[in-house]
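*Asks:* These protein sequence lines map, in sequence, to chains V, W and G.
Be aware that the first sequence starts at 181, since it is given in our numbering, and climbs by one per residue.
Be aware that the second sequence starts at 192, since it is given in our numbering, and climbs by one per residue.
Be aware that the third sequence starts at -13, since it is given in our numbering, and climbs by one per residue.
So that we are looking at the same thing, I have put the structure below in structure tokens.
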Amino acid sequence: MIREFGFPELLFVLEGARWTILLSALAFVCGGALGLAVALARTARSRELRWGATVYIQIFQGTPLLIQLFFVFFGLPLLGLQLNVWLAVTIGLALHASGYLGEIWRGGIQAVPAGQVEAARALGLGYRSVMIDVVLPQALRISLPATVGFLVNLVKGTALAALLGLTEATRAGQLMSNITFEPLRVYSAVGLVYFAICLPLTLWSARLERRLLRRG
Amino acid sequence: MSYQFDFSPLLTYWPELAAGIVQTLRISCIAMVAGLVLGIALTALRMSPSRPLRWLAVSYIELVRNTPFLVQIFFIFFGLPALGLRFDATQAAVLAMSLNCSAYAAEIVRGGVQAVPKGQVEAGRALGLGTADIYRFIVFRPAIRAIYPSLCSQFVLLMLNSSLVAAISAEELTYAAQMIDNRTFRSFEIFAVVGLLYLALSQCLSLVLAAIGRAYFSYPSK
Amino acid sequence: MEQSAAPAIRLEHVSKWFGKLKVLQDVDLTVNRGEHIVLCGPSGSGKSTLIRCINRLEEVQEGRILVDGVELRGDGRNAEDIRRHVGMVFQQFNLFPHMTALENCMLAPRRIHRIGKDEARARAMGHLERVHLADHAQKYPAQLSGGQQQRVAIARALCMNPDILLFDEPTSALDPEMVKEVLDTMVELADAGITMICVTHEMGFARAVAHRVIFMDRGEILESAPPEEFFSAPPARTRPDLPRPDPQPLRGASP
Ligand SMILES: Nc1ncnc2c1ncn2[C@@H]1O[C@H](COP(=O)(O)OP(=O)(O)OP(=O)(O)O)[C@@H](O)[C@H]1O
Ligand SMILES: [Mg+2]
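See the structure below:
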């Protein structure tokens, strides 16, 4: 029997959206931690570290997210790493996020005037303290708009989990489309769900950017 | 680790991979050009004196920028036939990529137009030029030059995102990779190598775009 | 346009507001053919606004403006036609950075007069010659000095064969050593008999070429007199009800 795309079906998509949000948050937190390390390596004094971080960023910014996810989900198990789909997708998205966030935060760190580091060093502060107390707070403020902007991309990126069979919003939509035969309405609804999640973030990012420009 | 690496299937299937690369570049290039042209048209709408037209342009741009590309592909390929708009997989792929690109391009191009000093437009008007001529001859090149790097990153991103059209079985590099994977089960080798192929493609695309920029959009400046 | 009876420019009771701020107050002005007018006054008095209204870069809310006897229509429809007979030179030059000096000069004649490439080039070279820049025709604006850029801008305006030239502080963005070359070019143009309205604080230039010097303050024309009279008579340009205008603009009489 063909079902109509009604309230229960919409609810199913919304339940999928819960996982979209959870997945985005997980990937952002894990990717953020890793990305911070990448940003620090990218701005480190050691040439090897800088070079390694550059290659890392190039790899994740120069290859499609889908291939990154396929590699983790289909490729790594062959090496004996058994990953369920949740773990695989989270790892894939986190790695992806770390490449982008690393590059964004590198820009932030380098935008902090050199005088700040010199002043902190002159006070006798060590690397840890220079970074944690002086550079990073300013760097994060500078790169906050771009960071929020990337978060929007990450939310949209979680849709790719559907292609690995994880039932987030897009996969929920696919399933509903298959049983209702109303792809037009289903995918419109799915699109609007993402729109509702992403638009506030986009607006927030734009506002942060304007505020940053105004303060100079 | 007991896994034995074997890259030989990739050699066996190199014609498929090569065809995939060509197809990826082909649909990406079409979408870049179409996306830029549409993006410029959207920018024009967005700056038009008519409030409904402006609103329409902004809504379109924000709707596209705030929904996943994959959902847009599904909408076009599975959804639009309900309205009598039927496309084969490759057509749907190119259409989705062009429409997607246009919204991002519009956002970027607007920044470029705003970067052109007001005095430039006034000088054109003082010479008696009409609005179309002013945009075509006076604003266009400096505006594109101002945003050329962002435009290029967007184009590279578009090429990488083209991998998603494999989801509707449009033939390109990722589709070829999946096909080889299904036949050989050498997932690790295949996705590693295809990843590297994309990496090479994105580097080459950046270089080519930069060369185009130097040839057409550069001029001496202070 | 051969309506020789009509004055080159006529402003009748022109008033203009920017929002609530009234920047032109009931301005009346007639400029005859071949006449050279120098417009001066303190900053913010509405000089730029006045000349920008003449080629309709700004629109006016009250009064009429006629150029060569043709009235500027309220809807701005004929603005482009008017502008083709009225050249304008800006303080910031506003050369197009992506075109060479020659291309800057060729654009409007080709697009508007629809003349061929060779003819446009010949015309442009002629005017670049006139401003003594023929050798620099192939350079981009960024490769020219400020004075050279301003002279290219003058050549660019001349290429439309305008009946009238408007100058808005053409030398105030220039380093002092470049002011003279631009003023010399303008003097040569004046000698050739073109109608000119020039906003400038260069009183030496005013003495040399102006038929009339006009003083504005707060959007009003307070005085209009030939230079001999303007510079000798006790200034009527301070009315008792107005604070004394900043005398600074009147000092910089250089060459
Ligand atoms: N686009 C605008 N919007 C609002 N107010 C304006 C605008 N342009 C000029 N004004 C105001 O109109 C008044 C006259 O300006 P205008 O530029 O004509 O003066 P000016 O005599 O040319 O001064 P200056 O010698 O500084 O160039 C000023 O008070 C100015 O602030
Ligand atoms: Mg002015």
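Backbone N, C-alpha and C fix where the C-beta goes; we use that ideal spot for every residue, glycine too.
Just so it is clear, the structure is predicted and the values come from calculations on it, not from any experiment.
Which one of G:Asp149, G:Ile200, G:Gly55, G:Leu88 has the shortest CA to CA distance from His118 of chain G?
*Replies:* Within the third sequence, numbered from 1, the residue matching residue 118 of chain G stands at position 132. The candidate whose alpha carbon is nearest that of His118 of chain G is G:Leu88.
*Asks:* Under 8 Å by Cβ, that's how I've got Tyr389 of chain W and Gly211 of chain W pegged, so tell me the actual separation to the nearest angstrom.
*Replies:* One-based indexing of the second sequence puts residue 389 of chain W at position 198. One-based indexing of the second sequence puts residue 211 of chain W at position 20. No, Tyr389 of chain W and Gly211 of chain W are not in contact; Cβ-Cβ is about 10 Å, not under 8 Å.
*Asks:* Strictly under 8 Å for the Cβ-Cβ distance: is Thr360 of chain V near chain W by that measure?
*Replies:* The sequence position of residue 360 of chain V within the first sequence is 180, counting from 1. Cβ-Cβ to chain W under 8 Å: no for Thr360 of chain V.
*Asks:* Shortest alpha-carbon distance to Lys33 of chain G belongs to which of G:His113, G:Leu93, G:Pro(-7), G:Ile183?
*Replies:* Numbered from its first residue, the third sequence carries residue 33 of chain G at position 47. Minimum Cα distance to Lys33 of chain G is reached at G:Ile183.
*Asks:* Give the interface partners of Glu66 of chain G over in chain W, defined as CB-CB distance under 9 Å, in chain order.
*Replies:* The count along the third sequence starts at 1 and reaches residue 66 of chain G at position 80. Within chain W, the residues near Glu66 of chain G are Arg316, Gly319, Leu320, Gly321.
*Asks:* Using a Cβ-Cβ cut-off of less than 7 Å, give me the residues of the region 64 to 97 of chain G that come near chain C, in sequence order.
*Replies:* This model lacks chain C altogether, as its protein chains are V, W and G.
*Asks:* Write down the C-beta distance between Arg198 of chain G and Pro212 of chain G rounded to the nearest angstrom, noting that I regard them as a contact closer than 8 Å.
*Replies:* Here residue 198 of chain G refers to the residue found at position 212 when the third sequence is read from its first residue. Here residue 212 of chain G refers to the residue found at position 226 when the third sequence is read from its first residue. Yes, Arg198 of chain G and Pro212 of chain G are in contact; Cβ-Cβ is about 6 Å, under 8 Å.
*Asks:* May I ask whether a heavy atom of ligand 1 can be found less than 7 Å away from the beta carbon of Glu188 of chain G?
*Replies:* Taking the first residue of the third sequence as 1, we reach residue 188 of chain G at position 202. Not so, every heavy atom of ligand 1 lies at least 7 Å from the Cβ.
*Asks:* State yes or no: is the beta carbon of Ile338 of chain W nearer than 8 Å to at least one beta carbon in chain G?
*Replies:* Translated into the one-based positions of the second sequence, residue 338 of chain W becomes position 147. By this cut-off, Ile338 of chain W is not an interface position.
*Asks:* Quick check: what's the CA-CA separation for Ala337 of chain W versus Arg301 of chain W?
*Replies:* Counting from one through the second sequence, the residue named residue 337 of chain W turns up at place 146. Counting from one through the second sequence, the residue named residue 301 of chain W turns up at place 110. Answer to the nearest angstrom: the Cα atoms are 11 Å apart.
*Asks:* Which residues bound the beta strand (DSSP E) around Arg(-4) of chain G?
*Replies:* Start at 1 with the first residue of the third sequence, and residue -4 of chain G comes out as number 10. Element bounds for Arg(-4) of chain G: -5 to 4.
*Asks:* In the structure shown, what three-state DSSP assignment does Val117 of chain G receive?
*Replies:* Taking the third sequence and counting its residues from 1, one reaches residue 117 of chain G at position 131. Correct three-state label for Val117 of chain G: coil.
*Asks:* Please tell me whether Ala(-6) of chain G and Thr186 of chain G are closer than 8 Å, where the distance is taken between their beta carbons.
*Replies:* If you number the third sequence from 1, residue -6 of chain G lands on position 8. If you number the third sequence from 1, residue 186 of chain G lands on position 200. Contact flag unset, no.
*Asks:* Asn352 of chain W touches chain V at which residues, Cβ-Cβ below 9 Å?
*Replies:* On the second sequence, residue 352 of chain W is found 161 positions in, with the first residue counted as 1. Here the neighbours are Pro244, Leu245, Leu246.
*Asks:* May I ask you to verify whether the region 379 to 389 of chain W touches the region 271 to 286 of chain V, counting CB pairs closer than 8 Å and requiring at least 3?
*Replies:* Result no; under three Cβ-Cβ pairs closer than 8 Å.
*Asks:* From the DSSP output, in three-state form, read off Asp149 of chain G for me.
*Replies:* In the third sequence, counting from the first residue as 1, residue 149 of chain G sits at position 163. Three-state DSSP puts Asp149 of chain G in coil, outside helix and strand.
*Asks:* If you drop the 5 nearest sequence neighbours on each side, which residues of the same chain put their C-beta closer than 8 Å to that of Glu44 of chain G?
*Replies:* If you number the third sequence from 1, residue 44 of chain G lands on position 58. The answer, listed in chain order, is Lys2, Thr35, Arg38.
*Asks:* Report the residue from W:Gly310, W:Ala283, W:Leu261 whose alpha carbon sits nearest the alpha carbon of Gln77 of chain G.
*Replies:* Residue 77 of chain G sits at position 91 when you count from the first residue of the third sequence. It is W:Gly310 whose Cα lies nearest to the Cα of Gln77 of chain G.
*Asks:* Answer with yes or no whether the minimum CB distance from Leu58 of chain G to chain W is below 8 Å.
*Replies:* Numbered from its first residue, the third sequence carries residue 58 of chain G at position 72. Not an interface residue.
*Asks:* Measuring from each Cβ to the nearest heavy atom of ligand 1, keep the ones under 5 Å and list them in chain order.
*Replies:* That gives G:Phe4, G:Val9, G:Ser29, G:Gly30, G:Ser31, G:Gly32, G:Lys33, G:Ser34, G:Thr35.
*Asks:* Closest to Ala110 of chain G by CA distance: which of G:Arg137, G:Ile23, G:Leu130, G:Leu160 is it?
*Replies:* Working through the third sequence from its first residue, we reach residue 110 of chain G at position 124. The shortest Cα separation from Ala110 of chain G among G:Arg137, G:Ile23, G:Leu130, G:Leu160 belongs to G:Arg137.
*Asks:* Show which residues of chain W have a CB atom less than 7 Å away from the CB atom of Gln47 of chain G.
*Replies:* By one-based count along the third sequence, residue 47 of chain G stands at place 61. In chain order: nothing, as chain W lies at least about 19 Å away.
*Asks:* Does ligand 2 have a heavy atom nearer than 7 Å to the CB of Asp203 of chain G?
*Replies:* To locate residue 203 of chain G, count along the third sequence from 1; it is residue 217. No, the Cβ of Asp203 of chain G stays beyond 7 Å of every heavy atom of ligand 2.
*Asks:* So with Cβ pairs under 8 Å, would you call Asn41 of chain G a contact of chain W?
*Replies:* Numbered from its first residue, the third sequence carries residue 41 of chain G at position 55. Yes, contact with chain W.
*Asks:* Can you tell me whether Ser397 of chain W is helix, strand or coil according to DSSP?
*Replies:* Here residue 397 of chain W refers to the residue found at position 206 when the second sequence is read from its first residue. Looking at Ser397 of chain W - three-state DSSP - the assignment turns out to be helix.
*Asks:* Take the Cβ of Leu393 of chain V as the centre, count every other Cβ of all protein chains shown within 10 Å, and call the residue buried at 16 or more, exposed below.
*Replies:* Residue 393 of chain V sits at position 213 when you count from the first residue of the first sequence. Burial call: exposed.
*Asks:* Closer than 7 Å to a non-hydrogen atom of ligand 2 - does that hold for the CB of Glu228 of chain V?
*Replies:* As a working mapping, residue 228 of chain V is identified with position 48 in the first sequence. No, ligand 2 has no heavy atom inside 7 Å of this Cβ.
*Asks:* Based on DSSP bridge pairs, tell me the residues matched to His22 of chain G.
*Replies:* Here residue 22 of chain G refers to the residue found at position 36 when the third sequence is read from its first residue. In the DSSP output, where bridge partners are listed per residue, His22 of chain G has G:Met182.
*Asks:* Can you give me the Cβ contacts of Met223 of chain W inside the same chain, cut-off strictly under 7 Å, excluding the 5 residues immediately before and after it?
*Replies:* Here residue 223 of chain W is taken as the residue at index 32 of the second sequence, counted from 1. Closer than 7 Å at the Cβ level, and outside the excluded window around Met223 of chain W, lie Cys292, Phe346, Leu349.
*Asks:* Any beta-carbon of chain V closer than 8 Å to the one on Glu298 of chain W?
*Replies:* Sequence index remark: in the second sequence, residue 298 of chain W carries index 107 (1-based). Closer than 8 Å: no.
*Asks:* Please find out if some non-hydrogen atom of ligand 2 comes closer than 7 Å to the beta-carbon of Glu206 of chain G.
*Replies:* In the third sequence, counting from the first residue as 1, residue 206 of chain G sits at position 220. Every heavy atom of ligand 2 is 7 Å or more from the Cβ of Glu206 of chain G, so no.
*Asks:* Helix, strand or coil: how does DSSP classify Asp209 of chain G here?
*Replies:* Within the third sequence, the letter at position 223 stands for residue 209 of chain G. The identity of residue 209 of chain G in the sequence shown is Glu, whereas the question assumes Asp. Correct three-state label for Glu209 of chain G: strand.
*Asks:* Taking the continuous alpha helix (DSSP H) assigned at Ile221 of chain W, which residues delimit it?
*Replies:* Counted from its first residue, the second sequence places residue 221 of chain W at position 30. It spans 205 to 237 - the alpha helix (DSSP H) in which Ile221 of chain W sits, taken as one unbroken run.
*Asks:* How big is the Cα-Cα spacing for Arg316 of chain W and Ile325 of chain W?
*Replies:* Translated into the one-based positions of the second sequence, residue 316 of chain W becomes position 125. Translated into the one-based positions of the second sequence, residue 325 of chain W becomes position 134. In a straight line, the C-alpha of Arg316 of chain W is about 8 Å away from that of Ile325 of chain W.
*Asks:* Tell me whether Asp154 of chain G counts as near ligand 2, meaning its Cβ is closer than 7 Å to at least one heavy atom of that ligand.
*Replies:* Translated into the one-based positions of the third sequence, residue 154 of chain G becomes position 168. Indeed, a heavy atom of ligand 2 lies less than 7 Å from the Cβ.
*Asks:* Looking at the unbroken alpha helix (DSSP H) that takes in Lys166 of chain G, where does it start and where does it end?
*Replies:* As a first step, residue 166 of chain G is located in the third sequence; it is residue number 180 there, counting from the start. Lys166 of chain G -> alpha helix (DSSP H) spans 162 to 177.
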